[in-house]
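A.B. asks: Using the working numbering, the letters of the sequence shown correspond one by one to residues 1334 to 2072.
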Amino acid sequence: MTRLLFLLTLIIFLSACSQDNVLVKDGHSDYKIFVSDKADAPEKYAAGELQTYLYKISGCKLEIVHQAGEKDKIIYVGFKGVPSSVLEHLTPADFGNEEYIIRSDGKNLLIAGGETRGTLYGVIGYLSDHLGCRWYTKEVSKIPSESTIPLPRIEDRQKPAFEYRGMDWRESLDTAWVIHNRVNGMRVGDSLGGSYITYPFVHTFYKLVSPEKYFHSHPEYFSEVNGKRIGKDGQLCLTNPDVVKIAMATVFDWIRTHPEANVFSIDQNDGGGYCECKNCRALDEKEGSHAGTLLAFVNRIADTVAKVYPKIKLQTLAYDYTVVPPEHIRPADNVMIRLCHYDYCAAHPIARCSENKPFLHQLEEWKQIAKGRLTIWDYYTDFRNYLMPFPNFSSFSHDVKFYADNGVKGLFAEGDAEGGGEFAALRSWVIAQLMWRPDQDAQHLIDEYVNNVYGKAASYIAAYIKLLHDQVKPDTHLSIWAEPDEVNYLDQPIIHKADSLFALARKAADEDTALSARVDLAYLPVLWTKLYAFSQGGTAYINKEEWPAALSRFNYFINRYHITGLGADTRTYGSIEKFLEKVRVAAVTKFYTDWLVIGPFDNTDHKGHVKIYPPEHEFDSARTYAGVKGKKINWQAYHNNTTGYIDFNKIFGPSENVVAYARRIITLPEAETMKFGVGNNDGIRIWINGKLVFDQADAAIGPNQHFFTARLNKGGNTILIKVDQLGHGWGFYFAAMSH
Ligand SMILES: [Zn+2]
Ligand SMILES: [Zn+2]
């Protein structure tokens, strides 16, 4: 039996013994809330919080006192000033800084914990676990209304499964929400219990040694890449003794000026560009990993820090080029490792998906190496498209517990920090509960959230969540960089079904404007998907008459929720402006989406791009040709109106080293010089009326990547397109501009 189960059993047993005692009866109470006048600010805040919520529940406002008589009925908040009879078998000094006890002996109630947040978290624990309070979102909480609050015997001692519990969904960056859900990774004032502060947060190399200050005079401090020192988008030369000295001075400066920090980050910049100089390379090779050179550097700083500040901890990343564990070197005792789970399948639980095998191996090794000082940075959204529906609930439902079972000490759940992401508030709440107690039933938490936050519309929202998650099959692996055309669940039947579920949800919400707004926000990913399809030349969801209304609705959400980006890089693919522009361009573009296609033909040694196959000199729709490996192939009709993409992988199946053709007629009432937009994956050749008019050997993925003009005749014009396949995606976009 687990300790927790034992405690729960004990609570139930004790509850059964004493049915009579009440904290509040019919709106009246004999109890007072005691908090010592010597209590620290978070404990006094905790007492006020308890008073506030007991009042909200029962309508009875208990007095807060700093002195208590022997015969008084008391709720003791915090350990200070509590009589020893109440503290029986408890040693306050044993309590960790977030650990607490809720104890009722049938008369008095004690809620107390370690400094600085233990007592406050105890009050939250009492209100939630014992009285049923919930704080689902910034706006939606559930506070029961009871004029009588029983006070059974209770012995409930808890501490969180993870010392560090962080996340960055903007929906959850609210002080009250953070406190009520006992997440400690976001900054909260010391008077409210403070938080677990990582300083600086991450990617700190250029903060340790500034390129602005040093690159000009000392380029050798920075990474050598392809024989050249770089002071931008690179790293540091970690084996340079002067770099160690400067970084060390910076760390000491941080420690002096940031006494609030729990841990100081010495970690690589985002991206590559590690140093390839002779010394760094030699150490990398000896350790079989760039993490070796990194750890040697961090350890040198850590050893000196330990002598001056024995309690201070440093932290570094195992990420990207440092994710492979080193062969020999081990982190010093005051160095924590933050392992990132970034390159994997987001659809399935870690331990149940073959795509996660390399990570499992790394986790196992880092666990041994870090010896109880391992934390995880995990990714719980689609970073390419924050607003894309992303059915990954089963992975985080499982993975948080999986990490706890593997001795992981902290977890950072990265979501979308730009606002508006799919079910961001649901993810925040469920993951926050699991971070505290990972053995909870995640599906139960999801259901509870949906029922309470979506109220009358809950059954439709639940059906929508199920609709998406039902598409996740054992072989449906999801990348955190997925595009809509790479996933299996965004096809027309699903989107139409989603539309009808949300129409019902909106109807059920009726005149409840707050609920309607929540339903609308949950619908935003579906609306985004439809607009995205339109921006790519599709007309299945939004046609040329409907787009202005759809775009204006989308813009309304962007403004209302202050959404600042649609993907991780807000300058490129995540730019809102660029997305809106694509929609506007698509509205005045005619994508040709119905073709006759034939393939695949051979493309060994990339010769298919120039090799002349029969479609280039004849057209006979009834004839059979010899394709790759002698396979018999014919012309076949293909039409895609979901997007403008003519996806050869979908038509011919995934293949390598092949080419295929597409052919259609464009009929014009008069001769005309037309401008065309092309996107190709990979190389493309285009003939109009038998004349080669466009030739591009390299892939240019997405609609309207290249433009060309051509003179077309009055009447029918033959368009012939050849696209070669060098790997991954295979297909093209072809559109007439300003049509
Ligand atoms: Zn170097
Ligand atoms: Zn998978």
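All C-beta atoms, glycine included, are put in the ideal place defined by N, C-alpha and C.
Could you tell me the alpha carbon to alpha carbon distance between glycine 1740 and leucine 1778, rounded to whole angstroms?
C.D. replies: Rounded to whole angstroms, glycine 1740 to leucine 1778 spans 23 Å at the Cα level.
A.B. asks: Alpha carbon to alpha carbon, how far is serine 1480 from cysteine 1466?
C.D. replies: Their Cα atoms are separated by approximately 15 Å.
A.B. asks: Any chance the CB of histidine 1681 is under 7 Å from a heavy atom of ligand 2?
C.D. replies: Checking every heavy atom of ligand 2 against the Cβ of histidine 1681, one is found closer than 7 Å.
A.B. asks: Do you know offhand how far glycine 2062's Cα is from tyrosine 1822's?
C.D. replies: Roughly 18 Å separates the two Cα atoms.
A.B. asks: Could you give the distance in angstroms between the alpha-carbon of isoleucine 1434 and the alpha-carbon of tryptophan 1510?
C.D. replies: Distance between the alpha carbons of isoleucine 1434 and tryptophan 1510: 22 Å.
A.B. asks: Classify glutamate 1553 as helix, strand or coil using the three-state DSSP reduction.
C.D. replies: Here glutamate 1553 sits in helix by DSSP.
A.B. asks: Per DSSP, which residues does arginine 2018 bridge with? Please list them.
C.D. replies: Bridge partners of arginine 2018: Asp2028 and Lys2055.
A.B. asks: Touch check for the stretch 1701-1716 and the stretch 1779-1797: three-plus C-beta pairs under 8 Å?
C.D. replies: Counting Cβ pairs under 8 Å, fewer than three are found: no touch.
A.B. asks: Out of Asn2014, Phe1985 and Pro1948, which has the shortest C-alpha to C-alpha gap to tryptophan 2020?
C.D. replies: Comparing Cα-Cα distances from tryptophan 2020 to each of Asn2014, Phe1985 and Pro1948, the minimum goes to Pro1948.
A.B. asks: For the stretch 1694-1710 against the stretch 1659-1673, do three or more pairs of beta-carbon atoms, one drawn from each stretch, fall closer than 8 Å, so that the two count as touching?
C.D. replies: Yes: the two stretches touch, three or more of their Cβ pairs being nearer than 8 Å.
A.B. asks: Between which residues of its own chain and asparagine 1718 is the CB-CB distance below 6 Å, once the five residues before and five after are set aside?
C.D. replies: Result list for asparagine 1718: Gly1900, in chain order.
A.B. asks: Any idea if aspartate 1603 is buried or exposed, counting beta-carbon neighbours within 10 angstroms, 16 or more meaning buried?
C.D. replies: Aspartate 1603 should be labelled exposed.
A.B. asks: Is glutamate 1396 close to ligand 2? I mean its beta-carbon at under 7 Å from any heavy atom of the ligand.
C.D. replies: For ligand 2, not one heavy atom lies less than 7 Å from the Cβ of glutamate 1396.
A.B. asks: Using a threshold of 7 Å, is the CB atom of glutamate 1819 nearer than that to any non-hydrogen atom of ligand 2?
C.D. replies: Outside the cutoff, so no.
A.B. asks: Since isoleucine 1931 and alanine 1993 are thought to touch, with beta carbons under 8 Å apart, how far apart are those beta carbons, to the nearest angstrom?
C.D. replies: Their Cβ separation, rounded to whole angstroms, is 7 Å, which keeps isoleucine 1931 and alanine 1993 in contact under 8 Å.
A.B. asks: Are the beta-carbon atoms belonging to leucine 1453 and glycine 1522 less than 8 Å from one another?
C.D. replies: No, these two residues do not count as a Cβ contact at 8 Å.
A.B. asks: Tell me whether leucine 1628 sits in a helix, a strand or coil according to DSSP, three-state version.
C.D. replies: Here leucine 1628 sits in helix by DSSP.
A.B. asks: Flag this pair as touching only if the stretch 1822-1834 and the stretch 1798-1814 have three or more C-beta atom pairs under 8 Å; answer yes or no.
C.D. replies: Yes: at least three Cβ pairs fall under 8 Å.
A.B. asks: From which residue to which residue does the beta strand (DSSP E) around tryptophan 1502 run?
C.D. replies: Per DSSP, tryptophan 1502 belongs to no beta strand (DSSP E) and is neither H nor E.
A.B. asks: Just the Cα atoms here: how many angstroms apart are isoleucine 1390 and threonine 1583?
C.D. replies: Cα-Cα distance, rounded: 51 Å.
A.B. asks: Confirm the yes/no value for this check: CB of glutamate 1688, any heavy atom of ligand 2, distance under 7 Å.
C.D. replies: Under cutoff, so the answer is yes.
A.B. asks: Going by the CB atoms, is the gap between asparagine 1612 and threonine 1572 shorter than 8 Å?
C.D. replies: Against a cut-off of 8 Å, the Cβ pair of asparagine 1612 and threonine 1572 comes out as a contact.
A.B. asks: Which residue from Thr1922, Ser1437 and Ser1812 puts its Cα closest to that of serine 2071?
C.D. replies: Comparing Cα-Cα distances from serine 2071 to each of Thr1922, Ser1437 and Ser1812, the minimum goes to Thr1922.
A.B. asks: Is the closest heavy atom of ligand 1 to the C-beta of cysteine 1610 under 7 Å?
C.D. replies: Because some heavy atom of ligand 1 lies under 7 Å away, the Cβ of cysteine 1610 counts as near it: yes.
A.B. asks: Just to check, is the beta-carbon of glutamate 1949 closer than 7 Å to a non-hydrogen atom of ligand 1?
C.D. replies: Not so, every heavy atom of ligand 1 lies at least 7 Å from the Cβ.
A.B. asks: Is asparagine 2050 near ligand 4, going by C-beta to nearest heavy atom under 7 Å?
C.D. replies: In terms of ligand content, the structure shown lacks ligand 4 and carries ligand 1 and ligand 2 instead.
A.B. asks: Are the CB atoms of histidine 1354 and lysine 1440 nearer to each other than 8 Å?
C.D. replies: This sequence places asparagine at residue 1354; histidine is not what is there. Cβ atoms of asparagine 1354 and lysine 1440: closer than 8 Å.
A.B. asks: When the Cα of arginine 1436 is compared with those of Asn1430, Arg1904 and Val1456, which residue comes out closest?
C.D. replies: Closest option to arginine 1436, Cα to Cα, is Val1456.
A.B. asks: In angstroms, rounded to a whole number, what distance separates the CA positions of aspartate 1853 and methionine 1721?
C.D. replies: Using only the alpha carbons, I get a separation of about 15 Å.
A.B. asks: Under the three-state reduction of DSSP, which class applies to serine 1478: helix, strand or coil?
C.D. replies: In this structure, serine 1478 counts as coil in the three-state DSSP scheme.
A.B. asks: Considering only the alpha carbon of each residue, which of Glu1620, Ser1988, Ile1813 and Ser1543 lies closest to isoleucine 2060?
C.D. replies: Note on residue identity: the sequence assigns glycine, not isoleucine, to residue 2060. For glycine 2060, the nearest C-alpha among the options comes from Ser1988.
A.B. asks: Are there 16 or more other CB atoms within 10 angstroms of the CB of asparagine 1559, so buried, or fewer, so exposed?
C.D. replies: It is exposed - the Cβ of asparagine 1559 has fewer than 16 other Cβ atoms within 10 Å.
A.B. asks: If you measure from the beta carbon of tyrosine 1874 to each beta carbon in chain C, is any gap under 8 Å?
C.D. replies: In the structure shown, chain C does not exist; there is a single protein chain.
A.B. asks: Buried or exposed for proline 1592, going by 16 or more other Cβ atoms inside 10 Å?
C.D. replies: Exposed: under 16 other Cβ atoms inside 10 Å.
A.B. asks: Looking at C-beta atoms only, is the number of pairs between the stretch 1932-1951 and the stretch 1883-1901 that lie closer than 8 Å three or more?
C.D. replies: No: fewer than three Cβ pairs fall under 8 Å.
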